[in-house]
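Residue numbers (the numbering used here): 735 to 923.
(1) Return helix, strand or coil for residue 822, following the three-state DSSP convention.
(2) Go ahead and pull the three-state DSSP assignment for residue 831.
(3) For the pair the region 755-766 and the region 809-824, tell me if three or more CB-CB distances fall below 8 Å.
(4) Starting from the Cα of residue 784, find the closest Cα among 850, 830 and 878 and give me that residue.
(5) Does the count of Cβ pairs from the region 824-833 and the region 844-859 closer than 8 Å reach three?
(6) Compute the Euclidean distance between the alpha carbons of residue 897 and residue 801, then round it to the nearest angstrom.
(7) Exposed or buried, which one is residue 762 when buried takes at least 16 other CB atoms within 10 Å?
(8) With a cut-off of 9 Å, does the C-beta of residue 821 fall near any C-beta of chain E?
(9) With DSSP run on the structure shown, which of helix, strand or coil describes residue 760?
(10) Does the beta-carbon of residue 743 have 16 or more other beta-carbons within 10 angstroms, so that it is buried, or is it exposed?
(11) Rounded to whole angstroms, how far is the Cβ of residue 787 from the Cβ of residue 878, which I believe are closer than 8 Å?
(12) Specify the secondary structure class of residue 815 as computed by DSSP and reduced to three states.
(13) Have a look at 796, 735 and 861 and flag the residue whose alpha-carbon is nearest the alpha-carbon of residue 758.
(14) Can you look up residue 798 in the DSSP assignment and give me helix, strand or coil?
(15) May I ask which residues mark the beginning and end of the alpha helix (DSSP H) holding residue 786?
(16) Rank 836, 837, 812 and 856 by C-alpha distance to the C-alpha of residue 885 and give the top, closest one.
(17) Exposed or buried, what is residue 869 when buried is set at 16 or more other beta-carbons lying within 10 Å of its beta-carbon?
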């Protein structure tokens with residue numbers, strides 16, 4: 735499955751593109767002439783589906799050492815990420831959640847910003863993309879864009895993180911790896 739922001743494959747001009755597979759529907763929303771947001775509709779059962787954007791392994795390192803201090807730093811720096819993580823742990827999908835799902839193309843577990851569209855019908859494209867599905871798709875896209883902007887714009891205060899014990903039990907190399915992975919310069923304090 736493709737990362738949430740990718741080169742266009744099916745979207746032409748301003749038109750939304752789509753690809754239907756045996757296990758999901760991939761929808762492209764044009765961003766510019768070259769790229770699009772990629773959203774997936776993944777059936778859960780006969781009457782509901784995950785609506786999700788793929789974040790690949792973006793959060794693997796960050797949450798591998800998730801303790802109270804780390805979560806506090808995340809909540810302070812990236813409140814959208816904290817809310818989505820919380821919703822994912824508590825299985826509260828209504829406002830969007832960050833969850834791990836199996837990538838149906840390669841079988842790997844990956845991170846997805848997701849919500850659930852319930853009480854839907856898969857009998858036709860028209861039935862599937864009803865008002866409820868459109869609301870959930872808009873929610874997932876909005877939360878994805880919000881999270882992406884937040885991660886790009888906000889950097890953790892490294893001095894606060896150190897003084898709050900963030901580095902306790904976490905090697906400097908791991909912290910540098912997480913910072914590098916998230917595009918953060920750890921020397922900026």
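For each residue, glycine too, the CB sits at the ideal point set by N, CA and C.
So, from the data block:
(1) helix
(2) strand
(3) no
(4) 850
(5) yes
(6) Summary for residue 897: the model assigns pLDDT 44, below 50, so the residue's position carries little reliability; its value from the coordinates is reported in the next sentence. Each residue's Cα considered, the two are about 15 Å apart.
(7) buried
(8) As a matter of chain content, chain E is missing from the structure shown, which is built from one protein chain.
(9) strand
(10) exposed
(11) 4 Å
(12) helix
(13) 735
(14) helix
(15) Careful: residue 786 lies outside any alpha helix (DSSP H), inside the beta strand (DSSP E) at 782-788.
(16) 812
(17) exposed
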